[in-house]
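Worksheet for the structure shown next.
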Amino acid sequence: MRSIEFHNREKEINAIRNILNTDPTLITFIYGPINSGKTELINHLIKQLPEEYVVFYINLRTKLLASYDEFVESLFELEIAETRRKETLKELVSSITKAAGIPITPEFRDYVFKDKKPKNAFSYIIKLFEVVKESGHQPVLILDELQKISDLKVDGLLIYELFNFFIDLTKEKHLAHVFVATSDSLFLESIYNEAMLQERCRYLQVDDFDNQTTLKFLDTYTFSDTDKDVAWNYCGGKPVCLVELVNSENREEKARGMFIFRTGELETRLKLVKELGDEITIGGRRCDVHYEKLVNALKMFVSRDEVGMNEVDEVTKRYLVKTNILFVDPLRKMMKPQSKLNLRAIREVMKET
Ligand SMILES: Nc1ncnc2c1ncn2[C@@H]1O[C@H](COP(=O)(O)OP(=O)(O)OP(=O)(O)O)[C@@H](O)[C@H]1O
Ligand SMILES: [Mg+2]
């Protein structure tokens, strides 16, 4: 297997650098279709940042988050070594530049976990970030896959407490830059419509590569003109899909294989809804999913690459997004398939439906 170099993302990197060069004022939401390269971009950027920035990056993807305690555990890295027991926050901070969690000493652990109060955890983080700042560094907090805690409750919903905390860190205290990444476009849509976040956040889209960027990427791995056509026609600019082709002996066969697989997945899903029905929950209410409405919505993509978010009824829209067939961009109020492979699969399946 070939090792793949990080490719491009100049525009997005510049946008993030510009944000980092100013005082923290707004929360930045990084969003985009699934597998578009959001996490890869964040990790690349973290490696490149000057020492002036102390980054706390927490990826919630692999964490178990069924309870508040589990969420707190996923945020903090407990410093258990007995030798560091008496360490002050200042000493702790001097040893970190990039952390996959927020370091905490055993002394503060009890305080943070006490009484299941998010306030305790947040006031510890503020204290730690103040020490980072006093040491001449700029704290940066990045949370990846935040939607995983969207249903978690403490007294009320934890996510609201968290957003208030982020507003405090940015707009109020100008203490830390806060980035939140998500691939869940329904979650992003709810954020976009959330009154408490109005004018307190900005959005940065990380989409699949455009055509030019894709062709440049393929050039690095000596794709013939025919293979480039195959790659763009099947995978578009979806990095993960292009990487699969780079690592394949027969690129055309691989691309066709991925397409047939995706077509099969879509057929099966539609067949299940047709024969058994399905339902989704919206705001606590169970709503039936209708096969005919799904087909009508998907048929719109036969002649168009994207359609207006409100051209499709809410249940159908949410079902197609939840099942990772469509992606919603609430900023543009548009919907499109999660990938070119999905677009092609939709068109193929709709031929026979
Ligand atoms: N800029 C890039 N250069 C090279 N490869 C990339 C780039 N961006 C993404 N990739 C490849 O695509 C894969 C998927 O990217 P990544 O996990 O960052 O996507 P994501 O948008 O975070 O996905 P998810 O929606 O699941 O959170 C990576 O593991 C990597 O192989
Ligand atoms: Mg990711």
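Residue numbers for the sequence shown follow the numbering used here, beginning at 1 and rising by one. Where a beta carbon is used, it is the ideal one built from N, C-alpha and C, also for glycine.
DSSP places T281 in the strand class (E or B) of the three-state scheme. Within the stretch 323-350, the complete beta strand (DSSP E) segments of 3 residues or longer fall at 326-329, 334-337, listed in chain order.
M258 and S224 have their C-alpha atoms some 20 Å from each other. A Cβ-Cβ distance of about 5 Å is found for the pair Y68 and K116, placing them in contact under the 8 Å criterion. Rounded to the nearest angstrom, the gap between the Cα atoms of V246 and E253 is 12 Å. Pairing T22 with R202 gives a Cβ-Cβ distance that is not under 8 Å.
Of the heavy atoms belonging to ligand 2, none sits nearer than 7 Å to the Cβ of A121.
Apart from sequence neighbours up to five positions away, the residues of its chain that approach D227 with a beta-carbon distance below 6 Å are R251, ordered along the chain.
Straight across, the Cα-Cα distance linking F217 with I260 is about 24 Å.
If you ignore the 5 residues before and after P118, its C-beta comes within less than 7 Å of the C-beta of V154, L158, E161, all in its own chain and listed in chain order.
Near ligand 2, meaning a Cβ closer than 6 Å to any of its heavy atoms, lie the following residues in chain order: K38, T39, D144, S183.
Counting only the Cα atoms, L89 lies some 27 Å from I42.
Under the rule that a run must span 3 or more residues, the beta strand (DSSP E) segments found entirely inside the stretch 102-126 read 102-104. Secondary structure note for A176: it is in no alpha helix (DSSP H), with a DSSP letter that is neither H nor E.
Secondary structure note for R256: its alpha helix (DSSP H) is the uninterrupted segment 251-276.
Around the beta carbon of T62, fewer than 16 other beta carbons lie within 10 angstroms, which makes this residue exposed. As computed with DSSP, I30 is found in a beta bridge with A181, L204. K351 is not a Cβ neighbour of E306, given a cutoff of 8 Å.
Annotated as proximal: V240 and N35, with beta-carbon spacing under 8 Å. Relative to ligand 1, R9 has its C-beta within less than 7 Å of a heavy atom. Note on geometry: alpha-carbon atoms of R200 and D210 lie some 30 Å from one another.
Ranked by Cα distance from Y124, the first of G136, Y111, E134 is Y111.
A contact is defined here as three or more CB-CB pairs under 8 Å, and the stretch 129-144 meets this definition with respect to the stretch 49-57. Taking non-hydrogen atoms of ligand 1 into account, the C-beta of I34 is found less than 7 Å away from one of them.
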